[in-house]
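Position 245, counted from 1, in the sequence shown is what the numbering used here calls 245; the numbers after and before it change by one each time, with no gaps. Backbone N, C-alpha and C define an ideal beta-carbon position, used for all residues, glycine too. If you're wondering where the values come from, they're calculated on a predicted model, not measured in any experiment.
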Amino acid sequence: MIKIKYYVRGESDEGKIPIHIRVTNGRAFDLKARTKETCLLSDWDSETGLMKERYYSEVKGRMVERRDAQTRVAVLNSKNVNTRLRDLESRIEDSFKENEGISFNTQWLKDIISPPVVEENNIPDDFIAYCDIFIEQKKHSISRSYIIKINTIKSIIAEFLKHYKRRVLKLCDINMQFGVDFESFSLEVMGYSKNYIERNLKFIKTIAYHAEMNGIELNPQIKNIKSRGEKTVFQVLSFEELDQLENTDIEEGSLQDARDWLLISCYTGQRVSDFMRFSTDMISSSINKNGDEVYFLNFVQQKTQNTIHLPIHRKVLGILDKRKGNFPKGMSEQHYNELIKRVCKDAGIDELCYGGVNNNGRKVFKEYPKYELVTSHIGRRSFASNHYGRIPTPLLMTATGHGTEQMFLKYIGKIDNQKSNALADYFYG
């Protein structure tokens with residue numbers, strides 16, 4: 001969870017000075033920016049991190065609260081400033097909870113403090129048109145994949161309007177009935193999974209709340225729009241299955257490249273958009289405390305723009321050594337997904353597992369041989385799941401790039417039992 005703190009810097013004789021904000025999330029980010037608010041240093045309470053709302057003077061050896069007219073004006077001003085600071089804090093927390101896939105950087109923080117100004121006459125009140133305003137105002141803090149998501153939502157809403165023979169979706173019409181209609185349309189017409197519908201509704205609300213910051217009035221019911229998702233079934237490759245993969249004889253060429261990339265992904269925990277870009281010039285080395293040389297991969301994650309300094313697992317070093325220091329040949333994600341299913345089938349990874357497979361645009365859930373459920377995402381989830389409980393979660397998050405422990409645990413589909421197990425050690429140790 002993020003922590004938000006206000007602070008001031010300056011001397012008492014400088015007059016009014018700016019109030020600054022600091023937003024931190026463990027090791028994930030530490031952001032600082034200047035707010036719109038100012039104050040006299042004498043009006044600032046460094047203990048509460050807000051403006052003083054009470055003033056005292058010493059009278060006959062004891063502190064007495066001041067209630068004169070000048071003090072009442074100062075208190076009223078302090079309360080107004082504090083209200084705005086608390087409102088800013090709430091907006092930052094809401095933005096952090098609602099947004100996925102954006103880069104939480106200083107520009108993101110500044111855009112919340114001072115949203116880019118759009119002339120009021122130019123702000124559309126229909127959802128599809130407003131999406132372009134959203135992209136323009138947040139272009140410095142959202143990734144290319146996030147923009148693709150927005151355009152996908154626009155297309156889905158266009159199909160929704162066509163189905164219900166409506167011309168436009170006004171932002172003020174995003175209410176509980178819209179939520180019901182959108183869910184029915186997504187399930188019955190488009191064949192989307194409940195989890196995808198849940199994510200889309202959340203995304204629609206994020207864009208609508210941004211419009212509200214630009215003066216567009218929303219329906220109060222928007223806060224109550226919800227869609228209950230299903231518990232996601234995650235497939236991972238265990239260490240034993242990874243050994244099966246490694247020890248399976250596979251002919252040289254694209255199949256062997258795919259097998260080695262799959263192993264690399266399972267031991268680095270990176271997305272396909274990142275590990276397919278790995279190259280030897282990303283590798284650095286240093287000497288650890290035991291005097292051993294250790295190797296690292298240095299790169300920027302494409303989706304989040306996080307800078308990663310990742311220790312290279314011995315298994316990955318073994319693959320590089322086998323390939324005379326080179327990574328496998330790159331390939332498209334689609335081709336990779338096709339090949340790793342074949343590789344896993346050849347390795348005998350065929351246990352029946354429950355999951356979903358796309359069939360004519362709809363995901364059909366039933367039991368399949370495990371190799372049919374293998375996709376590029378399995379490497380990242382396998383890394384996180386296999387090492388969870390063996391390596392402290394914050395260290396795993398350093399490798400995967402997840403911003404919060406809650407996001408990490410949701411990603412691997414596990415409940416954090418580490419603290420409970422530690423307590424059990426005390427009870428039964």
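With LEU301 and ASP274 assumed to form a contact (beta carbons below 8 angstroms), what rounded beta-carbon distance in angstroms separates them?
In the sequence shown, counting from the first residue as 1, residue 301 sits at position 301. In the sequence shown, counting from the first residue as 1, residue 274 sits at position 274. The question names Leu, but residue 301 is Gln in the sequence shown. Right, their Cβ atoms sit about 5 angstroms apart.
Grab the span of the alpha helix (DSSP H) containing LYS162 for me, first residue to last.
Locating residue 162 in the sequence shown gives position 162, counting from the first residue. Per DSSP, LYS162 belongs to the alpha helix (DSSP H) from 144-163.
So, at 7 angstroms on beta carbons, what are the nonlocal neighbours of TYR267 in its own chain, with the 5 sequence-adjacent residues on each side left out?
If you number the sequence shown from 1, residue 267 lands on position 267. Only HIS313, LYS315, VAL316 and PHE383 meet the Cβ criterion.
Taking just the CA atoms, how far does GLY10 sit from ALA33?
Taking the sequence shown and counting its residues from 1, the one referred to as residue 33 is at position 33. Taking the sequence shown and counting its residues from 1, the one referred to as residue 10 is at position 10. Cα-Cα distance, rounded: 15 angstroms.
Exposed or buried, PHE365, counting other C-beta atoms within 10 Å across all chains shown (16 or more means buried)?
In the sequence shown, the residue the question calls residue 365 occupies position 365. PHE365 should be labelled exposed.
Using DSSP's beta-bridge definition, name the partner residues of ASP281.
Walking along the sequence shown from the start, residue 281 turns up at place 281. Looking at the DSSP assignment, ASP281 forms no beta bridge with any residue, so it has no partner.
Can you list, in chain order, the stretches of the beta strand (DSSP E) that have 3 or more residues and sit fully within the region 207-292?
With a minimum length of 3 residues, the continuous beta strand (DSSP E) runs that stay inside the region 207-292 are 283-287.
HIS210: which of SER279, GLU240, TYR130 and LEU263 sits nearest, CA to CA?
Position 210 of the sequence shown holds residue 210. Cα-wise, what sits closest to HIS210 is TYR130.
Would you mind sorting PRO328 into buried or exposed? The rule is 16 or more other CB atoms within 10 Å of its CB.
For the purposes of this step, residue 328 is taken as residue 328 along the sequence shown, with counting starting at 1. Buried: at least 16 other Cβ atoms inside 10 Å.
Which two residues bound the contiguous beta strand (DSSP E) that contains VAL374?
By 1-based counting over the sequence shown, the position of residue 374 is 374. Note, VAL374: premise wrong, no beta strand (DSSP E); not H, not E.
Going by Cα to Cα distance, which pick from GLY179, ILE174, PRO115 and ILE340 is closest to LEU255?
Position 255 of the sequence shown, counted from the start, is the residue given in the question as residue 255. It is ILE340.
Is it buried or exposed, ARG390, if we count other Cβ atoms within 10 angstroms and call 16 or more buried?
Looking up residue 390 in the sequence shown gives position 390. So ARG390 counts as exposed.
Should LYS370 go down as buried or exposed, given a rule of 16 or more other Cβ atoms within 10 Å for buried?
The residue given as residue 370 occupies position 370 in the sequence shown. Classification for LYS370: buried.
Alpha carbon to alpha carbon, how far is LYS289 from GLN305?
Your numbering for residue 289 matches position 289 in the sequence shown. Your numbering for residue 305 matches position 305 in the sequence shown. Their Cα atoms are separated by approximately 30 angstroms.
According to DSSP, is ILE123 helix, strand or coil?
Reading the sequence shown from its first residue, position 123 is the one you call residue 123. ILE123: coil per DSSP, three-state reduction.
Mark ARG166 as exposed unless 16 or more other C-beta atoms lie within 10 angstroms of its C-beta, in which case mark it buried.
Translated into the one-based positions of the sequence shown, residue 166 becomes position 166. Exposed: under 16 other Cβ atoms inside 10 Å.
Just to confirm my understanding: we take SER286, look at its own chain, exclude 5 residues before and 5 after, and list those with CB closer than 8 angstroms. What are they?
If you number the sequence shown from 1, residue 286 lands on position 286. Excluding sequence neighbours, SER286 sits near GLU293, VAL294 and PHE296.
Thinking C-alpha only, which one of MET63, LEU161, LYS60 and MET51 is nearest VAL81?
Here residue 81 refers to the residue found at position 81 of the sequence shown. When only C-alpha atoms are compared, the closest one is MET51.
Since GLU53 contacts VAL73 with CB under 8 angstroms, what's their CB separation in whole angstroms?
Within the sequence shown, numbered from 1, the residue matching residue 53 stands at position 53. Within the sequence shown, numbered from 1, the residue matching residue 73 stands at position 73. So it is not a contact: roughly 13 angstroms between Cβ atoms.
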